[in-house]
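Numbering (the working numbering), first residue to last: 301 to 432.
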């Protein structure tokens, strides 16, 4: 199944623009939704009950945001209905140089931790994973 739907949750407008352009260059059929406010992203996801059940959505989530951290976002995401949670492949996209071993255990729904900026080569790897 080829993924065409992407959500970016990051407070940095420059990074959001880079991500959007890289995704659209990678996938000309991409539907990219960007949220600078994590709370708005959560509201959008929570209202995803009308989205096709078979659809997969890639979510790129920043860790360090002023109003709500990526970890706070994931804590709220975990409370959503399983049918909503199963639609998402979540990737942490961060410029932080940290070891996220504790978070990898606490948030098993996160598929991987990726470094900013997002690159086309990274999307090729994700596309391979999505088609398996």
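By construction, the Cβ of each residue, glycine as well, lies at the ideal position given by its N, Cα and C atoms.
Terminal residues of the beta strand (DSSP E) in which residue i lies
| i | result |
| --- | --- |
| residue 388 | 388-394 |
Delimiting residues of the alpha helix (DSSP H) encompassing residue i
| i | result |
| --- | --- |
| residue 361 | Element bounds for residue 361: not the alpha helix (DSSP H) but the beta strand (DSSP E), 357-361. |
| residue 375 | 370-377 |
| residue 384 | 382-385 |
For residue i: DSSP bridge partner residues
| i | result |
| --- | --- |
| residue 335 | 309 |
| residue 317 | Beta-bridge pairing links residue 317 to no other residue. |
| residue 399 | None, per the DSSP bridge assignment. |
| residue 414 | 393 |
Distance cut-off 7 Å: residue i Cβ against heavy atoms of the ligand NAD
| i | result |
| --- | --- |
| residue 381 | The model depicted lacks the ligand NAD and carries no ligand whatsoever. |
Cut-off 7 Å between Cβ atoms - residues of its own chain near residue i, not counting five sequence neighbours on either side
| i | result |
| --- | --- |
| residue 315 | 416 and 417 |
| residue 329 | 304 |
Beta-carbon proximity list for residue i, same chain, < 6 Å, skipping 5 on both sides
| i | result |
| --- | --- |
| residue 378 | none |
| residue 374 | 407 |
| residue 358 | 303, 306 and 389 |
Chain-order list of residues whose beta-carbon lies under 8 Å from that of residue i (same chain, five-residue window excluded)
| i | result |
| --- | --- |
| residue 385 | 377, 378 and 409 |
| residue 380 | 345 and 346 |
Segment contact flag, the region 327-340 with the region 381-400, C-beta cutoff 8 Å, min 3 pairs: no
For the pair the region 319-332 and the region 361-380, tell me if three or more CB-CB distances fall below 8 Å. no
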